[in-house]
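1 is the number of the first residue of the sequence shown in the UniProt record's numbering; add one for each residue after it.
The beta-carbon is built from N, C-alpha and C at its ideal position, and this holds for glycine as well.
Small disclaimer: the values here were computed from a predicted structure and weren't measured.
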Amino acid sequence: MKLRPLSILLLLIIGCQSNSKKESSETIKAPVAKKFPVNHVIHDDTRLDNYFWMRLTDEQKSAENPDEQTQDVVNYLNEENNYLNEVMQHTDAFQDRLFNEMVGRIKKDDQSVPVNDNGYSYYTRFEEGGEYALYCRKKLEDNASEEVILNGPEMAKGFSYFGIGSRDVSPDNKLMAFGIDTISRRQYTIYFKNLETGELLSDKLSNTGGSATWANDNKTVFYSTKDPQTLRQNKVYKHVLGTDQTDDVMVYEEKDDTYRTGVFKTNSKAFIFIGSFQTLSSEYRFLDANKPDGNWQVLQPRESDLLYYADHFGDDFYIRTNDHATNFKLVKTPIKSPTKDNWEDVIPHRETVLLENFDLFKNHLVINERLNGLRTIRIMPWEGEDFYMEFKDPAYTAFPTSNLDFDTNILRYGYSSLTTPFSTYEYNMDTKEQVLLKQEAVLGGFNANDYTSERLESTATDGTKIPISMVYKKGIAIGSDTPLLLYGYGSYGNSSDPSFRSDRLSLLDRGFVYAIAHVRGGQEMGRQWYENGKLLNKKNTFTDFIDAGKYLVDKGYSSPEHLYAMGGSAGGLLMGAVVNMEPSLWNGVIAAVPFVDVVTTMLDESIPLTTFEYDEWGNPNDKVYYDYIKSYSPYDNVTAQDYPNMLVTTGYWDSQVQYWEPAKWVAKLRDLKTDDNLLIMDCNMETGHGGASGRFERYKRTALYYAFLFHLEGIED
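This is the structure in structure tokens:
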């Protein structure tokens, strides 16, 4: 466990200087960060950074005796937290009510749908009031007793953050490897447990990605480790139980720092794969799972702009690939000669359909596709006619899930919409009959018929049609006075699918409309949707979102006085860009763990995620990309103008978007902005990118989000 010195956490000295902002009827002094000018020079261009001093190393954050810089940084972060608490103090009771309201909709003693694997049924369950799950299993036999294989509530005691990674059971069902992270930087230590005796083995693997892949001998595992500084997964080791980690054999090292690596097993359990990945290229090595000391063979050597993912069935590998297929296609190839010159089309490329994933069964092939911006499930018997499953909502998400049994005609899939809680079904692929196994319980009298969803289209600056998914409570008055929260992400090809969240009801029930702008940079409308929202096309993401906001105003769903925007991480970059470009369009903006100091971060190869994201943002060591990134980087484009009300969040231990990015951004905004609007930052000193680890604790920040919006709308209950 990495200890955080008490001296750091108790640095609560408040040294606010005067820079008054009007908050309600009283004036509260906002923090003013020190300035220590640093000039960053590259390509004959100079960028002035007055707040570069806020960056600390992990060593500084973990030091028993913090140096002066560390004290200054922690003091400033705590000043911001205290300012937040002062400004929002009048909402404290409301936040408590919102928190209790959201948590009150959650079934406290809930249990997941069991998943059958290798003779056992695995599930998680929560006991009344528990923040962490119990991980359990039962033998697939009558009257089998429950085995608690991990007791989350007991294990989490004493930790301010506690995360369990992958749980990997040996082929003979006797042993389990599991990862633990107590810092929130996704650096897991893997432990091993004897499931027959309940005892922990002496084996311990540190600085890992969190999962272990078992060979079929029940004593050998393969796992990946991370570069201690950049946190890039770059090495794969072989560990034999009963030996020390220092004796482990490195079986693969990914030396190209634009790639990361990982190891996993095929669904057939016959092969172990080592994958190397970057945004635009991938490569796999495979090994017979019965021969852990054997030689690894490359499936297809890496090529620029060639992506592929493989699974095993019979004598072939089945591969999803973009080889001459922008929207991907499915091919198969003999195991004995797997390179792409032997690839044979199973599902050819289609211009209007994105092939997202596939599942292999003994008698069926199941394809998850995206058509017209929505996910579909296509059933293809190996013999017979294929067909698509039908879904009723105008905006929804549906996908196969937890299909570990190869020899079955039953497909398990998940379904949700903006008005339908997450539901797990079993679908008979022969008879087309289905059974609802479980729908997420929403306590407190929820009725889906009280809400309605819509699917709209705005028109982007270049004429592209941008889908918008929307939900609101029936009966509310839609007009220029209607508060509307518009959410966006638009990066990495990650699609923002319309799905249900019970905490969102606290917004809808108080008259808010909630909408999702499916902007370019995601993959909702196919692979080109992603290609047209990254690199030198990145600004499409921002203008799409702005145009969606303007469309909603023009159509009378809201007005700039009541329009709000929200995004997190790369979606926080979106927020930073749109408030620079169109600050008057929004009354308020929530930027969660925002990636806003894009140029500085992408020039620093020591920062986690930098090098293998060059294909997403561009490498600013190249002047063409430098100039383009600089033209939209939120931190570099803060200017003396009015900005909307803003709430910014971050985590001190965030390994994905380091805390100093939002901290510097807030400091610069406060220095330059010309308005008296609210600007507050919440820096959680105990967590990282994903926030709090407990089941309920995370809703405290959601309550803060909503209290911020309700405060701006004058909603007090």
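Between the CA atoms of residue j and residue i - distance to the nearest angstrom
i: P467; j: F545; result: 11 angstroms
i: V331; j: R350; result: 14 angstroms
i: M525; j: N82; result: 44 angstroms
i: A517; j: P400; result: 25 angstroms
i: V596; j: F387; result: 45 angstroms
i: F708; j: G588; result: 9 angstroms
i: T639; j: L672; result: 6 angstroms
i: A33; j: N207; result: 35 angstroms
i: M581; j: Y632; result: 9 angstroms
i: P31; j: E80; result: 6 angstroms
i: L585; j: N677; result: 14 angstroms
i: I42; j: I190; result: 42 angstroms
i: L280; j: E128; result: 46 angstroms
i: D96; j: E344; result: 59 angstroms
i: K22; j: I28; result: Unreliable positioning characterises K22 in this predicted model, as indicated by a pLDDT of 37, which lies under 50. A coordinate reading is not provided.
i: P620; j: S282; result: 23 angstroms
i: A395; j: P498; result: 6 angstroms
i: P171; j: L195; result: 12 angstroms
i: A548; j: A460; result: 8 angstroms
i: V328; j: N322; result: According to the sequence shown, residue 328 is Phe rather than Val. Cα to Cα, the separation comes out at about 4 angstroms.
i: F52; j: D117; result: 51 angstroms
i: L552; j: Y308; result: 39 angstroms
Outcome for residue i when other beta-carbon atoms lying within 10 angstroms are tallied against a minimum of 16
i: P348; result: exposed
i: H711; result: buried
i: G242; result: exposed
i: L508; result: buried
i: V519; result: buried
i: K668; result: buried
i: K193; result: buried
i: F36; result: exposed
i: Q278; result: buried
i: E716; result: exposed
i: L134; result: buried
i: L175; result: buried
i: M646; result: buried
i: L205; result: buried
i: M250; result: exposed
i: P301; result: exposed
i: L150; result: buried
i: L56; result: buried
i: S480; result: exposed
i: Q641; result: exposed
i: Q229; result: exposed
Option nearest residue i by Cα separation, candidates the options
i: K107; options: W586, R527, S502; result: S502
i: I379; options: L411, V657, T397, L404; result: L411
i: V442; options: S480, L505, M389; result: L505
i: D359; options: E344, N342, N403, E80; result: N403
i: A577; options: G490, L200, T326; result: G490
i: L306; options: N290, G314, D293, T326; result: T326
i: S337; options: T321, A395, L299; result: L299
i: N342; options: K362, D316, I367; result: D316
i: L418; options: A398, R302, S160, G549; result: A398
i: E154; options: S145, I164, E146; result: I164
i: V471; options: Y557, G521, N428; result: Y557
i: G651; options: P644, E686, T124, D117; result: E686
i: P381; options: L374, R370, V366; result: V366
i: P583; options: T610, D675, Y514; result: D675
i: T266; options: R455, I319, Y699; result: I319
N-terminal and C-terminal residue of the alpha helix (DSSP H) that residue i is part of
i: D554; result: 539 to 554
i: Q434; result: No alpha helix (DSSP H) holds Q434; the beta strand (DSSP E) holding it covers 434 to 439.
i: T70; result: 68 to 87
i: Y614; result: 614 to 617
Residue i - containing beta strand (DSSP E), residue span
i: N218; result: Premise fails: N218 is in no beta strand (DSSP E) and is neither H nor E.
i: F446; result: Counting along the chain, F446 falls outside any beta strand (DSSP E), and DSSP gives it neither H nor E.
i: M566; result: 563 to 568
Beta carbon proximity, residue i to chain B, threshold 9 angstroms
i: F391; result: Within the model displayed, chain B is absent; a lone protein chain is all it includes.
> Do three or more CB pairs link the stretch 350 to 363 to the stretch 250 to 265 at distances below 8 angstroms?
Replying inline: Taking one beta carbon from each stretch, the stretch 350 to 363 and the stretch 250 to 265 have fewer than 3 pairs nearer than 8 angstroms; the two do not touch.
> For the stretch 536 to 544 against the stretch 437 to 453, are there 3 or more C-beta pairs whose distance is under 8 angstroms?
Replying inline: The answer is no - the stretch 437 to 453 does not touch the stretch 536 to 544, with fewer than three Cβ pairs under 8 angstroms.
> Between the stretch 275 to 295 and the stretch 306 to 320, do at least 3 Cβ pairs fall closer than 8 angstroms?
Replying inline: Verdict: yes, contact present.
> Are the stretch 561 to 570 and the stretch 478 to 487 touching by the rule of at least three beta carbon pairs closer than 8 angstroms?
Replying inline: Yes, the stretch 561 to 570 touches the stretch 478 to 487.
> So does the stretch 264 to 275 actually touch the stretch 212 to 221, counting three or more Cβ pairs closer than 8 angstroms?
Replying inline: Note that the stretch 264 to 275 touches the stretch 212 to 221; at least 3 beta-carbon pairs, one per stretch, sit closer than 8 angstroms.
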